[in-house]
Amino acid sequence: SQTIHQWPATLVQPVGSPLSLECTVEGTSNPNLYWYRQAAGRGLQLLFYSVGIGQISSEVPQNLSASRPQDRQFILSSKKLLLSDSGFYLCAWSSDRGVTEQYFGPGTRLTVT
Amino acid sequence: AQKVTQAQTEISVVEKEDVTLDCVYETRDTTYYLFWYKQPPSGELVFLIRRNSFDEQNEISGRYSWNFQKSTSSFNFTITASQVVDSAVYFCALGYQKVTFGTGTKLQVIP
């Protein structure tokens with residue numbers, strides 16, 4: 004069966020510090036991968052998605068970036084965090100075979116102080 | 096552009112009551128997919144159902160049922176005989192490879 008991991012679960016970082024969140028998927032090959040942010044209040048905002056290694060599409064211009072160095076690894080980064088980057092970050096995957104639902108990881112709660 | 100509207104921000108019901116969560120969508124695509132997800136307090140979104148635009152059959156899964164009506168662009172979700180474990184935020188979503196989520200409806204089931 005497929006599983007998706009995210010770490011860390013919780014992170015408190017000062018403004019201006021770098022960020023690296025990691026997501027890995029097990030049990031599937033060539034998944035579509037997604038990063039979402041959920042600010043306090045619930046709405047989900049798609050940040051990045053990837054259909055393959057090195058292929059990243061950005062949905063919202065901001066100081067975040069994403070990379071996919073391996074087939075089942077998706078990394079969200081920032082060189083300098085802003086207060087507005089605080090939120091709940093969710094990674095998700097879906098099959099590359101037609102349209103399927105997305106499966107989400109446990110999330111990382113980021114607080115920028 | 097796609098849009099999903101969940102007008103009910105929060106709903107409270109007493110255990111064993113039935114509750115319907117509304118979802119209205121907008122899209123210019125003729126082929127599209129609709130989804131419902133549950134987000135319990137732990138935070139992880141759990142997939143509940145997927146529907147494609149060509150399948151308007153209603154679906155029932157245990158206490159859950161979904162009513163898809165293309166004529167009104169709605170995909171409503173009903174929980175029958177609600178339980179405390181149903182307390183969560185529920186998201187309706189629309190899309191193909193990229194998915195647009197609604198803002199969610201927070202359901203509180205009171206024992």
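Just so you know, the protein sequences line up as chains A and B, in that order. Heads up, my numbering is the position in the first sequence plus 3, with the first residue counted as 1. Heads up, my numbering is the position in the second sequence plus 95, with the first residue counted as 1. Even for Gly, the Cβ is constructed at its ideal location relative to N, Cα and C. Please read all numbers here as calculations on a predicted model, not as lab measurements.
Neighbour list for residue i in chain A, Cβ cutoff strictly below 9 Å
{"i": "B/F130", "result": "E104, Q105"}
{"i": "B/Q142", "result": "Before going further, note that residue 142 of chain B is Phe rather than Gln in the sequence given. Per Cβ cutoff of 9 Å: E104, Q105, Y106, F107."}
{"i": "B/F172", "result": "Result: empty, since nearest Cβ-Cβ is about 15 Å, beyond 9 Å."}
Residue range of the beta strand (DSSP E) that includes residue i
{"i": "A/T116", "result": "No beta strand (DSSP E) holds A/T116; DSSP gives it neither H nor E."}
{"i": "A/R40", "result": "35-41"}
{"i": "A/E25", "result": "22-29"}
{"i": "B/K201", "result": "200-205"}
{"i": "B/S166", "result": "No beta strand (DSSP E) holds B/S166; DSSP gives it neither H nor E."}
{"i": "B/V99", "result": "98-100"}
{"i": "A/S53", "result": "47-55"}
{"i": "A/Q5", "result": "Element bounds for A/Q5: n/a, residue is neither H nor E."}
Whole-number beta carbon distance between residue j and residue i, since they are thought to touch under 8 Å
{"i": "A/R71", "j": "A/V28", "result": "Incorrect: roughly 11 Å between the Cβ atoms, too far for contact."}
{"i": "B/V204", "j": "B/V179", "result": "5 Å"}
{"i": "A/K82", "j": "A/P21", "result": "6 Å"}
{"i": "B/V108", "j": "B/S160", "result": "Going by Cβ atoms, the distance from B/V108 to B/S160 rounds to 16 Å, so no, they are not a contact pair."}
{"i": "B/V99", "j": "B/F196", "result": "6 Å"}
Residue i - DSSP class collapsed to helix/strand/coil
{"i": "A/K82", "result": "coil"}
{"i": "A/V63", "result": "coil"}
{"i": "A/S89", "result": "coil"}
{"i": "B/K193", "result": "coil"}
{"i": "B/V184", "result": "strand"}
{"i": "A/V119", "result": "Residue 119 of chain A is absent from the model: chain A starts at 4 and stops at 116."}
Chain B contact residues for residue i, given Cβ-Cβ distances below 8 Å
{"i": "A/G110", "result": "G138, E139"}
Chain-ordered chain B contacts of residue i [CB-CB under 7 Å]
{"i": "A/F91", "result": "G138"}
Closer than 9 Å at the beta carbon, the chain B residues around residue i
{"i": "A/L49", "result": "K193, V194, T195, F196"}
Under 8 Å from the C-beta of residue i: neighbouring residues of chain A
{"i": "B/R123", "result": "Within chain A, no residue comes near B/R123; the closest Cβ sits about 17 Å away, beyond 8 Å."}
{"i": "B/R146", "result": "Result: empty, since nearest Cβ-Cβ is about 10 Å, beyond 8 Å."}
{"i": "B/F163", "result": "Here the premise fails: no neighbours, minimum Cβ distance about 15 Å."}
For this session: Entirely within the stretch 105-159 of chain B and at least 3 residues each: give me those beta strand (DSSP E) ranges in chain order.
Result: 105-109, 114-116, 119-121, 128-134, 141-147, 154-156
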